[in-house]
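**Student:** Following this message is one structure expressed as structure tokens.
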Amino acid sequence: MTAPIATLQSVEHTAILGLGVYRPERLVPNSEIVDAIDSSDEWIQTRSGIKARRFAGEDESIIGMSVAASKDALAASGITADQIGAVIVSTSSRLVLGPAAGPQVATLLGMADTAGFDVGAGCSGFCYGLTIANGLIRGGTAKYVLVVGVERLSDLLDRADRTTAFIFADGAGAAVVGPSDVEGIGPVSWGSDGSQWEAIWQDKDFGTYFDEVAAAEAAGTTSVRPYIRMQGTKVFRWAATFLEQACRSAVDRAGLTMDDIDVFIPHQANLRITQALTRVLKLREDCVVAKDIVETGNTSAASIPLAIEEVLRSGQAKPGDVALVMAFGAGLAYAGHVLRLPKITAE
Numbered sequence: 320m321t322a323p324i325a326t327l328q329s330v331e332h333t334a335i336l337g338l339g340v341y342r343p344e345r346l347v348p349n350s351e352i353v354d355a356i357d358s359s360d361e362w363i364q365t366r367s368g369i370k371a372r373r374f375a376g377e378d379e380s381i382i383g384m385s386v387a388a389s390k391d392a393l394a395a396s397g398i399t400a401d402q403i404g405a406v407i408v409s410t411s412s413r414l415v416l417g418p419a420a421g422p423q424v425a426t427l428l429g430m431a432d433t434a435g436f437d438v439g440a441g442c443s444g445f446c447y448g449l450t451i452a453n454g455l456i457r458g459g460t461a462k463y464v465l466v467v468g469v470e471r472l473s474d475l476l477d478r479a480d481r482t483t484a485f486i487f488a489d490g491a492g493a494a495v496v497g498p499s500d501v502e503g504i505g506p507v508s509w510g511s512d513g514s515q516w517e518a519i520w521q522d523k524d525f526g527t528y529f530d531e532v533a534a535a536e537a538a539g540t541t542s543v544r545p546y547i548r549m550q551g552t553k554v555f556r557w558a559a560t561f562l563e564q565a566c567r568s569a570v571d572r573a574g575l576t577m578d579d580i581d582v583f584i585p586h587q588a589n590l591r592i593t594q595a596l597t598r599v600l601k602l603r604e605d606c607v608v609a610k611d612i613v614e615t616g617n618t619s620a621a622s623i624p625l626a627i628e629e630v631l632r633s634g635q636a637k638p639g640d641v642a643l644v645m646a647f648g649a650g651l652a653y654a655g656h657v658l659r660l661p662k663i664t665a666e
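Set out below in structure tokens:
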């Protein structure tokens, strides 16, 4: 008989131990958006619920925002950087194909020889990263994992595009995940539909763009760079079809009912989608519903941690509350869990 291969010691329960966020300094009200898209503040608010959003400045990079949010998450958790076993960064807007952001974030936080990698799952990215972190910890591969959702979507916006220019924005959120005495992260409810990849997409791949640049240079003309595009009606219909069942599945898998949910934190994509979901799920009347989109816009992978932080910072919810979290978007993909809300740093 050959020698047995050792197994790692598993962990029974996990939780988000601390959360941190970074919101860019520049607040952009609808009044700065409307002229370029021939619209109005009333039209934007009626269509999406958004009053303002934040755009990153030149000194607010994907890496820098990730590090800032991560420092606050570490402080809130009481875990030090040298205890982190892996760093997962979820983003769809870093304009570099490689290297991954994860190793750079780890190094800038003072970590040494720590696993680091990126996840590309669109607006569901933070919850996908949380699912991976949960598995790493439960399986004994890492004791603590740092999960970051971060975007600079303003870099990908066509400012004259009426379907996207008023929706997408920038920011970062980070969570320290680790072992817990009680369960803090329920089983994931997730899935995807790649047949609808053109519902939210980059309108040309970089190979095509490079060919266009070369042709334009040869002809003495100009080329048009890639932009993010969205078919809002298609996304809304998909969300209305899939998300109720996805939410119910997350609650069922956690062994709970809708009456057990203290806080509902859907991806901050559109206030109308949030309102529709709230109605069909028949949540408790006193259930807190996150509406961070009003002042933050849609920050894709950063949306969920930013919305969690907002309900905690505002006092609408408190650490330990039971929250249903559901992210959805480009892919099209979704992922959600029932969570116990974590600590955040005091202002």
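Sequential numbering of the sequence shown, starting at 320, is according to this note's numbering. Glycine residues also receive a C-beta, built at the ideal position from the N, C-alpha and C atoms. Computed from a prediction, not measured in an experiment: that's the story for all the values here.
(1) When you compare only the Cα positions, how much space is there between E629 and L660?
(2) Which whole-angstrom value is the C-beta distance of T433 and A405, which I expect to be below 8 Å?
(3) Taking just the CA atoms, how far does I580 sit from E470?
(4) Taking G444 as part of the alpha helix (DSSP H), name the residues at either end of that continuous run.
(5) Can you give the beta carbon distance from A440 to V467, rounded, assuming they're within the 8 Å contact cut?
(6) If D640 and L625 are in contact, beta carbons under 8 Å, what's the gap, nearest whole angstrom?
(7) Along the chain, which unbroken stretches of the beta strand (DSSP E) at least 3 residues long are found entirely within the segment 325-351?
(8) How big is the Cα-Cα spacing for F647 and V532?
(9) So which of M384, Q550, G337 has the shortest CA-CA distance to G497?
(10) Can you give the beta carbon distance from H656 to C446, rounded, assuming they're within the 8 Å contact cut?
(11) Return the chain-ordered list of same chain residues with a C-beta closer than 6 Å to the C-beta of M593, the five sequence neighbours on each side being excluded.
(12) Apply the 10 Å Cβ neighbour rule to K662 and answer buried if 16 or more other Cβ atoms are within range, or exposed otherwise.
(13) For S396 and A538, what's the separation of their Cα atoms in angstroms?
(14) Would A565 and S473 qualify as a contact pair, given that the criterion is a beta-carbon distance under 8 Å?
(15) When DSSP labels each residue in this structure, what does L631 get in the three-state scheme?
(16) Tell me which residues share the same chain as V424 and place their Cβ nearer than 7 Å to its Cβ, disregarding the 5 neighbours each side in the sequence.
(17) Using the three-state DSSP reduction, which class does M384 fall into: helix, strand or coil?
(18) Please report the distance separating the alpha-carbon of E351 from that of T333.
(19) Among G505, D378, R603, which has the Cα closest to the Cα of G574?
(20) Put G616 into one of helix, strand or coil per three-state DSSP.
(21) Grouping DSSP H, G and I as helix and E and B as strand, with all else coil, what is I663?
(22) Determine the direct distance from the alpha carbon of V330 to that of D500, and round the result to whole angstroms.
(23) Examine the ligand SAM and report whether any of its heavy atoms sits within less than 7 Å of the Cβ of S359.
(24) Given a cut-off of 8 Å, decide if I486 and I369 are closer than it, judged by their beta-carbon atoms.
(25) Is any beta-carbon of chain C found at less than 8 Å from that of A621?
(26) Determine whether the beta carbon atoms of V340 and A491 lie at a separation below 8 Å.
(27) Kindly identify the DSSP beta-bridge partner or partners of H656.
(28) Taking 8 Å as the cut-off, decide whether the C-beta atoms of G616 and R372 are in contact.
(29) Please report the Cβ distance between V570 and V607, rounded to the nearest whole angstrom; I am assuming they are in contact, meaning their Cβ atoms lie under 8 Å.
**Tutor:** So, from the data block:
(1) 12 Å
(2) 7 Å
(3) 29 Å
(4) 444-457
(5) Not really, about 13 Å apart at Cβ, beyond 8 Å.
(6) Not a contact, Cβ separation roughly 17 Å.
(7) 333-341, 345-348
(8) 34 Å
(9) G337
(10) 7 Å
(11) One detail in the question is off: residue 593 reads as Thr in this sequence, not Met. Result list for T593: P585, in chain order.
(12) buried
(13) 57 Å
(14) no
(15) helix
(16) I382, S385, V386, S389, V406, V408, G435, V467
(17) helix
(18) 43 Å
(19) G505
(20) coil
(21) strand
(22) 10 Å
(23) Looking for the ligand SAM in the displayed structure turns up nothing, as the structure carries no ligands at all.
(24) yes
(25) The displayed structure is made up of one protein chain only, and chain C is not part of it.
(26) yes
(27) V644
(28) yes
(29) About 16 Å separates the two Cβ atoms, so there is no contact after all.
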